[in-house]
Structure formats: C-alpha cells, structure tokens
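Student: Handing you a structure now.
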Amino acid sequence: MIELGVNIDHVATLREARKGREPDLVAAAKICEIAGAHQITIHLRQDRRHIQDRDVAQLIQVLQVRMNLEMAAVDEIVAIALKTKPHTVCLVPENRREVTTEGGLDVVSQVERLRDVTKQCHDAGIKVSLFIDPEIDQVDASAEVGSDYIELHTGAYANAADREIVEEINRIAQAAARAIANGLIFNAGHGLTVRNLLPIASIPGLNEVNIGHSIISRAVFIGLDAAVKEILGVLKDCSS
Ligand code: PXP
Numbered sequence: 018m019i020e021l022g023v024n025i026d027h028v029a030t031l032r033e034a035r036k037g038r039e040p041d042l043v044a045a046a047k048i049c050e051i052a053g054a055h056q057i058t059i060h061l062r063q064d065r066r067h068i069q070d071r072d073v074a075q076l077i078q079v080l081q082v083r084m085n086l087e088m089a090a091v092d093e094i095v096a097i098a099l100k101t102k103p104h105t106v107c108l109v110p111e112n113r114r115e116v117t118t119e120g121g122l123d124v125v126s127q128v129e130r131l132r133d134v135t136k137q138c139h140d141a142g143i144k145v146s147l148f149i150d151p152e153i154d155q156v157d158a159s160a161e162v163g164s165d166y167i168e169l170h171t172g173a174y175a176n177a178a179d180r181e182i183v184e185e186i187n188r189i190a191q192a193a194a195r196a197i198a199n200g201l202i203f204n205a206g207h208g209l210t211v212r213n214l215l216p217i218a219s220i221p222g223l224n225e226v227n228i229g230h231s232i233i234s235r236a237v238f239i240g241l242d243a244a245v246k247e248i249l250g251v252l253k254d255c256s257s
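Position one of the sequence shown corresponds to residue 18 (the working numbering), numbered consecutively onward.
Listed below in structure tokens is the structure:
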C-alpha cells in the first residue's frame with residue numbers, strides 16, 4: 018500500500034497563534050498514528066514559526082511510527098537532526114518570507130553540499146529524502162547526491178488549471194520513472210487533498226505521500242481521525 022505521512026505543522030501553527038499548549042501536538046500525532054498514518058512529518062523551520070525544538074524532542078520519544086523531519090540543509094538544523102535521529106530527513110528549500118515551501122530544492126546547484134549532509138545523516142543512521150520539482154535534471158542530481166528518496170513537489174499539479182492538469186501529471190510520472198530507474202524511492206507531496214490525490218496515487222511506483230494542510234483543514238469539520246482515514250481510503254482504493 019502507498020504509505021501516508023501526515024504533516025502536523027499546522028496543528029503547531031494554531032498553537033503558536035496563542036503561544037500556549039493547545040492544541041496539543043503530541044495528542045494530534047497519536048490520533049494520526051492510531052488512525053493508521055504510517056509516518057508523522059514535521060518541518061522544523063529556522064524561524065520556528067510552528068514546530069519548536071521541544072516538539073521534535075517530545076515526538077521522537079513517543080511516536081511508534083516513523084518521524085520524517087523536513088528541514089533546510091543548514092548547520093544549525095542538521096545538528097538537531099543528527100542528535101534526534103528521525104527515521105528520515107527531507108531536505109527542503111527554505112525562504113523566510115514564504116507562506117509554505119514554495120518550490121523544490123535546487124539539487125543541481127548544490128550537489129557537493131547535499132552529498133555532505135546526506136553522508137552525515139547516513140552515518141547517523143538517518144535516511145535522506147530530497148524535495149524536488151518534477152524535473153529530470155533534479156532527479157539525476159539527487160541520484161548523484163546519494164539520497165534514498167526523492168519527494169516530488171506536487172504543488173504545481175495541485176494549483177494547475179484544468180487544461181494543464183494532464184501535463185503536470187505527465188511531468189510527475191516521467192520524473193518518477195527516472196527516479197526509479199536511478200534506484201531512488203519515489204514519494205510525493207504538497208497541496209494534495211482527498212479530491213486531487215487519486216491521479217498522483219495512481220502513478221506507478223509511488224511509495225509514500227506527505228499531506229498536511231488539507232488533512233488539518235478537514236479535521237476542523239470532521240475530526241482528525243476521520244480526516245486521516247479519508248485519505249487512507251483513497252490510497253487503499255488505489256493499490257487494490
Ligand atoms: N512535503 C513537503 C516536503 C512539504 O514541505 C510540505 C509542506 O510543509 C508537504 C509535503 C505538505 O504539503 P501540504 O501541507 O500542502 O499538504
């Protein structure tokens with residue numbers, strides 16, 4: 018089955034709106050876990066706008082499923098990852114003024130740096146994923162870096178006008194095929210919802226999706242447990 022990583026950053030966004038304790042991030046993670054999520058994803062941003070250092074330390078203690086730590090490849094955050102030892106780090110670009118991760122990592126222009134960070138993570142027993150746009154040169158550079166996974170950015174697909182959707186799906190499918198041919202495991206994420214997930218989940222070889230905003234948004238109306246199960250239902254239909 019295609020696995021589901023639930024990104025719970027926006028539970029922390031709500032908490033940080035009042036800088037208090039509610040909603041409780043650990044409780045949210047456990048609800049996702051019990052609902053059947055295979056992984057909890059969090060992004061420790063340099064500006065600490067949602068996830069805090071203490072969240073990373075607490076979650077690694079209590080999670081029974083994998084932790085996927087999204088982060089910029091900067092020394093301060095790499096040091097936290099090496100100490101925490103999540104199952105996976107997903108290296109993402111970070112721009113302090115962006116609302117969310119806007120584009121994929123430019124792997125082509127920083128192969129050496131990313132190879133070094135990847136090696137440090139591997140030496141600590143951590144798997145590495147690179148969050149990239151669905152472009153062949155970025156996929157090939159990811160293989161050069163020696164990452165384990167690539168996560169293909171599905172934001173352009175999610176935002177595409179109707180007439181562009183098929184083209185975007187083809188771009189993702191071609192990048193995915195290239196990744197698999199290069200020995201990389203193919204994940205996907207960004208902007209995925211219960212309504213637009215099926216075409217992406219139908220791409221051959223997809224291993225995992227990471228979904229945040231739409232699950233937390235649905236949870237406001239139907240609860241977090243139901244919102245996670247709704248996505249799992251789409252993934253189950255797909256792999257049968
Ligand atoms: N994958 C990565 C690498 C991301 O940066 C994000 C956004 O934090 C997601 C997946 C989830 O995106 P969304 O919140 O739009 O589902």
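All C-beta atoms in this analysis are idealised placements derived from N, C-alpha and C, irrespective of residue type, glycine included.
I need the straight-line Cα distance from His55 to Arg180, nearest angstrom please.
Tutor: Cα to Cα, the separation comes out at about 34 Å.
Student: Pick from Glu184, Leu201, Arg188: whose alpha carbon is nearest that of Ile167?
Tutor: Looking at the Cα atoms, Leu201 is the closest of the given residues.
Student: Where Ile186 and His170 are concerned, what is the direct C-alpha to C-alpha distance, given to the nearest angstrom?
Tutor: Rounded to whole angstroms, Ile186 to His170 spans 11 Å at the Cα level.
Student: Taking the beta strand (DSSP E) that Thr118 belongs to, which residues open and close that run?
Tutor: First-last for Thr118: undefined, no H or E at that position.
Student: Quick one: grab the DSSP three-state call for Asn224.
Tutor: Three-state DSSP puts Asn224 in a strand.
Student: Let me check one thing: in DSSP terms, what residues is Gly22 bridge-paired to?
Tutor: According to DSSP, Gly22 bridges with Gln56, Asn227.
Student: Just reading off the beta strand (DSSP E) that Thr105 is part of, what are its end residues?
Tutor: Taken as a continuous stretch (DSSP letters only), the beta strand (DSSP E) holding Thr105 covers 105 to 108.
Student: So Arg83 is in the beta strand (DSSP E); what residue range does that whole segment cover?
Tutor: First-last of the beta strand (DSSP E) with Arg83: 83 to 88.
Student: Which partner residues of Ile232 appear in the DSSP bridge assignment?
Tutor: According to DSSP, which records beta bridges pairwise, Ile232 is partnered with nothing at all.
Student: For Ser257 and Gly142, what's the separation of their Cα atoms in angstroms?
Tutor: Unreliable positioning characterises Ser257 in this predicted model, as indicated by a pLDDT of 47, which lies under 50. The coordinate reading is nonetheless provided below. Each residue's Cα considered, the two are about 33 Å apart.
Student: Have a look at Asn281 and Ser164 and give me their C-alpha separation to the nearest angstrom.
Tutor: The structure shown does not extend to residue 281, since the chain spans only 18 to 257, so no value can be given for it.
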